[in-house]
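With the first letter of the sequence shown counted as 1, position 73 gets the number 1399 in the numbering used here; the numbers rise by one all the way through. Idealized CB from N, CA, C, for every residue including glycine. A short worksheet on the structure shown next.
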Amino acid sequence: MPSITLPPPSEAGLQHSKALQNTIQARINAAGGWISFADFMEATLYTPGMGYYSAGATKLGYAGDFVTAPEISSLFGKTMAQQAVQVFELIGYSDILEFGAGSGKLALDLLLELEQLNHLPRQYFILEVSADLQQRQRELFEKCAPHLISLVQWLTSLPHEFNGLILANEVLDAMPVHLVIWQDHHLYERGVTWDQQNFEWQDRPLIAGELFEIAQALPPFKEAMNHDPFRYLSEISLANRHFMRSLAQILHRGMILLIDYGFGQSEYYHPQRNQGTLMCHYRHHVHDDPFYLPGLQDITSHVNFSAINEVALASDLQLLGYTTQANLLINCGITEVLSRTPADIPHQYLPLANQLQRLVSPAEMGELFKAIAYGRGINQPLIGFTRGDKRRLL
C-alpha cells in the first residue's frame, strides 16, 4: 500500500481493478509463477478493455489522474505549430503523425494554429491503440473543430513509410520498463509473483540476453564490480529502444520530436538515484506502489535520453537538438503567442500567463521535461533548439 492516503475508488472501480488483477494473476500462473515487471506494467496499462489506457475512465486533465502540457494550456500546441511550419518548409511535406494523443488537445491546438498560419497539414495521423481514447479524441474535434476532423486519420499500427513531422509528447515514460538490480558483483531482474492474496516482488539472477548486455554497460555495473557491498535498483526500457528503431525504419524525410521527463545517462543513473524513477499517478497524487489498484492508476518511469540517442544514431538518424521544454517553447515563441492576448484584459491574460509559468518554470515542467529531435533530410538549424543546447549531457 502507498505510504500516503489516497482518495478511495468507487465500487465500480474496485470491481474493475479486481478483474484486471485476476487477469494478471492468471498470466503469472501461466508463466510459471513469475513475470518481469515490464510484463506487469504492460498488462496494467494496456490489457484490452481493462488496462489503464484501454478502459473508459478519464485519465488526463483535472478530472483525471495527471495533467500534461497540452491540457495545461493551448499555448503549448500553438507554440509547437511554429516549429511544425519550419519543418514543413524545410522538407516539402506537411503530414503529421502523433503518438498517444491522449485527449486530443495537442492535435486540436496544433491544427487550429496551423489553420491560422495557413499551413494546415495534408493529413494529421494519430496512432492510438486505445479505442476509448480514440473516441474521446473524435468527440473533442466534433465539439471544437468539426471542420478539421476530415484531416485527422486514426491508425492502430505504424505506416510502412512516413514523410513529415512525428510527435510524441509524454509517450516514452508510459512504455514498460524492466527493473534491474546491480548488487555486489551480480545482476538481478526484479519481477512480480502472486502470493495467493497480493502481488509480491521477487528478484531473479539476470545472466544473459539483451537486458543483461545493456545492464552490463551502464554506470551501476562498474560501481557494483568495484564496491562491496553495493546495491542499486533502476529501470531499463527495452520498449523505448524498440520504439526508436521503429521510427527510424519508417521515417524517410522529416523530423521526430519527443518531449518527456527524464535525464541523460549520467544523471539517470546517479549514485543518489539508487531506487530508480518509477512513479504512479492516481487522482493527482504521486506514490511509488505499482501494485495499488491495477488498472486505476498510471505507472511511469523517467526517460533515459542517452539510451534513446544511442539507438537513434545507430539507426542512421541525425540528432537535431536536445534541450529543456522551457528552452523549446521560448525558442519557438511562446511569449509572442501569449502577447496576442492584451495584458490590459486581465481576466484573459492572467490565466494564460500563469499557464505559461507552469510550462517553462524550472520549479514546474520547464527543466525536468526535455525535448529531443531527430531527422532525415533536414540541413538547417531548428528554431526550437537555437538556444539552450544540452547535447553534452547525452
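Give the DSSP-derived three-state secondary structure of residue i in the structure shown.
{"i": "Gly-1387", "result": "Note that Gly-1387 has pLDDT 48, beneath the 50 cutoff, so the model's placement of it is unreliable and the number below is only indicative. Note: Gly-1387 maps to coil in three-state DSSP."}
{"i": "Gln-1706", "result": "coil"}
{"i": "Ser-1560", "result": "strand"}
{"i": "Gln-1479", "result": "strand"}
{"i": "Ile-1507", "result": "strand"}
{"i": "Val-1497", "result": "coil"}
{"i": "Asp-1435", "result": "helix"}
{"i": "Gln-1644", "result": "strand"}
{"i": "Glu-1605", "result": "One detail in the question is off: residue 1605 reads as Met in this sequence, not Glu. In this structure, Met-1605 counts as strand in the three-state DSSP scheme."}
{"i": "Asn-1489", "result": "strand"}
{"i": "Val-1629", "result": "strand"}
{"i": "His-1342", "result": "helix"}
{"i": "Gly-1418", "result": "coil"}
{"i": "Arg-1579", "result": "strand"}
{"i": "Leu-1544", "result": "coil"}
{"i": "Leu-1619", "result": "coil"}
{"i": "Arg-1397", "result": "Per the sequence presented here, residue 1397 reads as Glu, with Arg not at that position. Glu-1397 falls in the helix class under three-state DSSP."}
{"i": "Ala-1689", "result": "coil"}
{"i": "Gly-1358", "result": "coil"}
{"i": "Asp-1365", "result": "helix"}
{"i": "Ala-1697", "result": "strand"}
{"i": "Gly-1403", "result": "helix"}
Which residues mark the beginning and the end of the beta strand (DSSP E) in which residue i is found?
{"i": "Gly-1375", "result": "Careful: Gly-1375 lies outside any beta strand (DSSP E) and carries neither H nor E."}
{"i": "Val-1518", "result": "1512–1520"}
{"i": "Phe-1451", "result": "1450–1453"}
{"i": "Phe-1525", "result": "1525–1531"}
So residue i and residue j are in contact, right, with Cβ under 8 Å, and what is the actual spacing, rounded?
{"i": "Thr-1394", "j": "Asn-1495", "result": "7 Å"}
{"i": "Met-1367", "j": "Thr-1349", "result": "The Cβ separation is near 14 Å, so there is no contact."}
{"i": "Ala-1638", "j": "Val-1503", "result": "With 8 Å as the limit, Ala-1638 and Val-1503 do not qualify as a contact, their Cβ atoms being about 19 Å apart."}
{"i": "Asp-1615", "j": "Phe-1556", "result": "No, Asp-1615 and Phe-1556 are not in contact; Cβ-Cβ is about 25 Å, not under 8 Å."}
{"i": "Thr-1650", "j": "Gly-1710", "result": "Their Cβ separation, rounded to whole angstroms, is 11 Å, which puts Thr-1650 and Gly-1710 out of contact at 8 Å."}
{"i": "Asn-1630", "j": "Tyr-1587", "result": "Actually they do not touch by this definition, with Cβ atoms about 11 Å apart."}
{"i": "Val-1686", "j": "Ile-1656", "result": "6 Å"}
{"i": "Phe-1463", "j": "Ile-1452", "result": "The question names Phe, yet the displayed sequence has Gln at residue 1463. Between Ile-1452 and Gln-1463 the Cβ distance is about 6 Å, and since that is below 8 Å, they are a contact."}
{"i": "Leu-1583", "j": "Ala-1699", "result": "5 Å"}
Over the uninterrupted alpha helix (DSSP H) stretch that includes residue i, give me the two end residues.
{"i": "Asp-1470", "result": "Checking the displayed sequence, the identity of residue 1470 turns out to be Cys instead of Asp. Its alpha helix (DSSP H) spans residues 1457–1470."}
{"i": "Arg-1717", "result": "No alpha helix (DSSP H) contains Arg-1717, which DSSP labels as neither H nor E."}
{"i": "His-1610", "result": "Per DSSP, His-1610 belongs to no alpha helix (DSSP H) and is neither H nor E."}
{"i": "Ile-1671", "result": "That residue, Ile-1671, is in no alpha helix (DSSP H); it is neither H nor E in DSSP."}
{"i": "Asn-1657", "result": "1651–1657"}
{"i": "Tyr-1595", "result": "Careful: Tyr-1595 lies outside any alpha helix (DSSP H) and carries neither H nor E."}
{"i": "Thr-1661", "result": "1660–1664"}
By Cβ distance, which residues of its chain are closer than 8 Å to residue i, with the 5 residues on each side in sequence left out?
{"i": "Glu-1690", "result": "Gln-1683, Arg-1684"}
{"i": "Pro-1688", "result": "Ala-1652"}
{"i": "Gly-1387", "result": "Residue confidence for Gly-1387 is low, a pLDDT of 48 falling below 50, so the modelled location carries little weight and cannot support an answer."}
{"i": "Leu-1604", "result": "Val-1503, Leu-1505, Glu-1561, Asp-1614, Pro-1616, Ile-1625, Thr-1626, Ser-1627"}
{"i": "Cys-1658", "result": "Thr-1405, Met-1406, Gln-1408, Gln-1409, Ile-1709, Gly-1710"}
{"i": "Gly-1359", "result": "Thr-1519, Trp-1520"}
{"i": "His-1473", "result": "none"}
Report the option in the options whose CA atom is closest to the CA atom of residue i.
{"i": "Arg-1579", "options": "Gly-1375, Asp-1642, Leu-1332", "result": "Asp-1642"}
{"i": "Trp-1480", "options": "Asn-1489, Lys-1469, Asp-1458", "result": "Asp-1458"}
{"i": "Leu-1491", "options": "Thr-1650, Ser-1336, Glu-1468, Gln-1409", "result": "Gln-1409"}
{"i": "Arg-1486", "options": "Glu-1593, Trp-1508, Ser-1572", "result": "Before going on, a small fix: residue 1486 reads as His here, not Arg. Closest option to His-1486, Cα to Cα, is Ser-1572."}
{"i": "Tyr-1558", "options": "Gln-1598, Leu-1401, Glu-1454, Ala-1565", "result": "Gln-1598"}
{"i": "Tyr-1379", "options": "Asn-1635, Pro-1707, Leu-1622", "result": "Leu-1622"}
{"i": "Arg-1530", "options": "Glu-1468, Gln-1575, Leu-1513, Glu-1536", "result": "Leu-1513"}
{"i": "Leu-1466", "options": "Ser-1456, Leu-1432, Gln-1681", "result": "Leu-1432"}
{"i": "Pro-1333", "options": "Gln-1341, Gly-1418, Asp-1670, Tyr-1608", "result": "Tyr-1608"}
{"i": "Leu-1371", "options": "Gly-1426, Gly-1418, Ala-1338, Ala-1356", "result": "Gly-1426"}
{"i": "Ser-1592", "options": "Ile-1452, Leu-1544, Glu-1636", "result": "Leu-1544"}
{"i": "Arg-1353", "options": "Ala-1369, His-1342, Gly-1339", "result": "Ala-1369"}
{"i": "Gly-1692", "options": "Tyr-1700, Leu-1720, Ala-1357, Ile-1660", "result": "Ile-1660"}
{"i": "Leu-1416", "options": "Ala-1357, Val-1455, Glu-1468, Asn-1489", "result": "Asn-1489"}
{"i": "Phe-1525", "options": "Ser-1400, Gly-1535, Ser-1362", "result": "Ser-1362"}
{"i": "Phe-1695", "options": "Gly-1703, Ala-1338, Gln-1644, Leu-1654", "result": "Leu-1654"}
{"i": "Thr-1373", "options": "Asp-1499, Gly-1418, His-1342", "result": "His-1342"}
{"i": "Leu-1340", "options": "Glu-1549, Leu-1477, Tyr-1618", "result": "Tyr-1618"}
{"i": "Phe-1538", "options": "Gln-1528, Asn-1552, Arg-1516", "result": "Arg-1516"}
Can you give me the Cβ contacts of residue i inside the same chain, cut-off strictly under 7 Å, excluding the 5 residues immediately before and after it?
{"i": "Gln-1351", "result": "Trp-1520"}
{"i": "Ala-1471", "result": "Leu-1434, Leu-1437, Leu-1438"}
{"i": "Leu-1443", "result": "Ala-1407, Val-1411"}
{"i": "Gln-1674", "result": "Thr-1667"}
{"i": "Met-1501", "result": "Ser-1563, Ala-1565, Asn-1566, Phe-1569"}
{"i": "Ile-1540", "result": "Ile-1562"}
Return the chain-ordered list of same chain residues with a C-beta closer than 6 Å to the C-beta of residue i, the five sequence neighbours on each side being excluded.
{"i": "Pro-1447", "result": "Ser-1420, Asp-1421, Ile-1422"}
{"i": "Gln-1347", "result": "Pro-1620"}
{"i": "Val-1413", "result": "Leu-1491, Met-1581"}
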